[in-house]
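Position 180, counted from 1, in the sequence shown is what the numbering used here calls 181; the numbers after and before it change by one each time, with no gaps.
Just below is one structure, and these are the notes that go with it.
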Amino acid sequence: MEYIISVLILFILLNVLLKLSFWRWWQVALFSALLGLFVLLVTTYAAEQSKAEITAWLSTPAIMQNVAVLITLETVIFVSFAFMRLRQALGTKVKKYLMIPLNIYPGLLLLPVLYFVLAQLFYALPGVSFNTISYGLAIAVFIFFPLLSWGFTKLLPEEDLRLEILFIVNLIVCMIGLITTVNGETAYAPVEQAFNIKAILFAVALFLVLFIIGFLWNKYKKIKIK
Numbered sequence: 002m003e004y005i006i007s008v009l010i011l012f013i014l015l016n017v018l019l020k021l022s023f024w025r026w027w028q029v030a031l032f033s034a035l036l037g038l039f040v041l042l043v044t045t046y047a048a049e050q051s052k053a054e055i056t057a058w059l060s061t062p063a064i065m066q067n068v069a070v071l072i073t074l075e076t077v078i079f080v081s082f083a084f085m086r087l088r089q090a091l092g093t094k095v096k097k098y099l100m101i102p103l104n105i106y107p108g109l110l111l112l113p114v115l116y117f118v119l120a121q122l123f124y125a126l127p128g129v130s131f132n133t134i135s136y137g138l139a140i141a142v143f144i145f146f147p148l149l150s151w152g153f154t155k156l157l158p159e160e161d162l163r164l165e166i167l168f169i170v171n172l173i174v175c176m177i178g179l180i181t182t183v184n185g186e187t188a189y190a191p192v193e194q195a196f197n198i199k200a201i202l203f204a205v206a207l208f209l210v211l212f213i214i215g216f217l218w219n220k221y222k223k224i225k226i227k
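What follows is the structure, given as structure tokens:
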């Protein structure tokens, strides 16, 4: 289960970074500063949580099913943003009262992700003070979030391609979230399922294949237009 949660966290981070690539640089910097402040504010709470407590939370079906609902809602918001932005790129008028909230929503699942990462760092670095770890993570967030989002804009300058990737990543986040948050217990399968690494590798491979197809198709369309 921990491995699947780690994969889910990576895709959530990728999801947020892709969304930030559509923001202005000062907006990304401000948001990164707020994230760093959040890390510092939750340091005391994260330090009070034992590894057994967090493991118990991840093993509680009721809690994880609520998390699945939040993941699904955020996926809907991000997918709606991708479609609305694509409609704008195609020249279709989109109502501002719909587009503005979708534009400014950064992805709130990142907050519990940072909390979880901070707690895991406390367990992984027992000889380091909590304040040192929290300040280190806060600084890393403040520096690397703007850099990585800027890197996406340079690596993938085509906005429509980034929208395609954002859409695909959200589908993967939703699928992994629904699989992992029930902790192997589904309404149709009373027998608990063991961790299936093949399913995760298939999801990652599917993402890479679709990414390559979308990238090559985008290049082909541009060459054809020229």
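C-beta: ideal position from N, C-alpha, C; glycine also.
Query, Result
"May I ask you to report which of helix, strand or coil DSSP gives PHE23?", "coil"
"What is the residue span of the alpha helix (DSSP H) that VAL174 lies within?", "160-181"
"When the distance is taken between beta carbons, is GLY178 closer than 7 angstroms to ALA69?", "yes"
"Measuring alpha carbon to alpha carbon, tell me which of LEU42, GLU54 and GLN89 ends up nearest ASP161.", "GLN89"
"Would you kindly work out how many angstroms separate the C-alpha atoms of ILE140 and LEU41, rounded to a whole number?", "10 angstroms"
"Give the range of the alpha helix (DSSP H) segment to which GLN121 is assigned.", "111-125"
"Starting from the C-beta of LEU18, find all residues in its chain whose C-beta is less than 8 angstroms away, skip the five residues before and the five after it, and write them out in chain order.", "PHE146, LEU149, SER150 and PHE153"
"Looking only at its own chain, which residues have a Cβ that is under 8 angstroms from the Cβ of ILE10, when we skip the five neighbours before and after it?", "VAL114, PHE117 and VAL118"
"Determine the closest residue to GLU49 out of GLN121, ASN16, PHE32 and TRP27, with distance taken between C-alpha atoms.", "GLN121"
"So, helix, strand or coil for THR133, using DSSP?", "helix"
"Give the single residue among LEU156, ASN67, ILE134 and PRO127 whose Cα lies nearest to the Cα of THR181.", "ASN67"
"Going by C-alpha distance, which of LEU14, ASN16 and THR45 is nearest PHE123?", "THR45"
"Would a C-beta distance cut-off of 7 angstroms place ARG163 and LEU172 closer than the cut-off?", "no"
"Measure the beta-carbon distance from LEU109 to GLU75 and round it to whole angstroms, keeping in mind my assumption that it falls under 8 angstroms.", "7 angstroms"
"Using 6 angstroms as the cut-off, classify the Cβ of PHE12 as near or not near the heavy atoms of the ligand HEM, replying yes or no.", "In terms of ligand content, the structure shown is empty, and the ligand HEM therefore cannot be addressed."
"Who are the near neighbours of LEU14 in its chain, counting only those whose CB is closer than 8 angstroms to its CB and skipping five residues on each side?", "LEU111 and VAL114"
"Under 8 angstroms by Cβ, that's how I've got VAL80 and PHE168 pegged, so tell me the actual separation to the nearest angstrom.", "6 angstroms"
"Within the continuous alpha helix (DSSP H) that includes LYS52, where are the two ends?", "52-59"
"Taking C-beta to C-beta, are SER33 and PHE143 nearer than 7 angstroms?", "yes"
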